[in-house]
Amino acid sequence: MKKLILSFIFLIAVISAFAFNAQATLIYGYTSFSGTFQSDSGFLDLATTFEEFSDVVVSTNGGTYDYAAIPGNEAVALSTFTFVPDVNTEISNFWVITYGGIEYRYDLLTSEVEFATANSIAMKGTGIASITGFEDTDSIWFLSATSAGDRSTFTLSTLVPPDYQAPSDVVPEPATVILFGLGLLGFAGLARKKS
């Protein structure tokens, strides 16, 4: 019986040793942009779509942490999107910056209008931040804008807080291996108890 328990312990150790794959580092940091846009209505509380973005640049301070390499006033490609009703499907490449041979990209997943008046709007949502050489990371974003007739000015901020995880019921891979190992130990204990 002692050999059976030792065999199970050895098996668990071998599985655990090979179960952890090398992974890229998660993204951490903050960046913000500003520019102008054209909406489908002259009144922001009636608007449903940002139709055209222009003069979009990284804010003068650039970014922080993993976004720190991006200098202020770097041009940003920003996609148009419909936000009413709230976004519930992915908008790939919502914004893209290529700087120093590295691509910084953001896929928008959700949006929600926090408040809107004829001259201002505030929105928030979630998305996936991507940087060449890093693991895609769940994140949050905020947009605020003010209207000046046909054109509106805006600020968009993307934030990846430390250890941020989007809500999920999925058990992470290392935890699955540990649960499997504990189950095997339980079976070994039952087998020992019966004999």
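With this note's numbering applied, the sequence shown closes on residue 195, and no number is skipped along the way. Note that beta-carbon positions come from the ideal geometry of N, C-alpha and C, so glycine has one too.
Residue nearest to residue i in terms of C-alpha spacing, selected from the options
| i | options | result |
| --- | --- | --- |
| PRO161 | SER92, THR80, TYR67 | TYR67 |
| PHE154 | PHE94, SER41, PHE53, THR64 | PHE53 |
| LEU78 | PHE142, SER111, PHE37 | PHE37 |
| SER32 | SER147, TRP141, SER152 | TRP141 |
| ALA129 | SER120, ARG105, ALA75, SER147 | ARG105 |
| PHE50 | PRO71, PHE81, TYR30 | PHE81 |
| LEU108 | THR158, ILE97, THR98 | THR158 |
Cut-off 6 Å between Cβ atoms - residues of its own chain near residue i, not counting five sequence neighbours on either side
| i | result |
| --- | --- |
| ALA122 | GLU114, PHE115, SER144 |
| ILE9 | none |
| ALA118 | PHE43, ASP45 |
Closer than 7 Å: residue i CB and nearest the ligand GDP heavy atom
| i | result |
| --- | --- |
| ASN73 | Absence of the ligand GDP from the depicted structure is noted, as is the absence of any ligand whatsoever, leaving it without description. |
Residues near residue i in its chain [Cβ-Cβ closer than 8 Å; skip 5 each side]
| i | result |
| --- | --- |
| LYS3 | none |
| ARG151 | THR36, PHE37, GLN38 |
| GLU112 | ASP86, MET123, LYS124, GLY125 |
Residue burial classification, residue i (beta-carbon count within 10 angstroms, cutoff 16)
| i | result |
| --- | --- |
| GLY127 | buried |
| PHE94 | buried |
| VAL84 | exposed |
| SER41 | exposed |
| SER92 | exposed |
| ALA148 | exposed |
Cβ-based neighbour list, residue i, same chain, cut-off 7 Å, excluding 5 preceding and 5 following
| i | result |
| --- | --- |
| GLY100 | ALA69 |
Could you say if the stretch 25-40 and the stretch 127-136 meet the contact criterion of at least three C-beta pairs nearer than 8 Å? Contact holds: three or more Cβ-Cβ distances are below 8 Å.
Mind pulling the beta strand (DSSP E) runs of 3 or more residues that sit fully within the stretch 57-139? Counting whole runs of 3 or more residues, the stretch 57-139 contains the beta strand (DSSP E) stretches 91-99, 102-116, 120-131.
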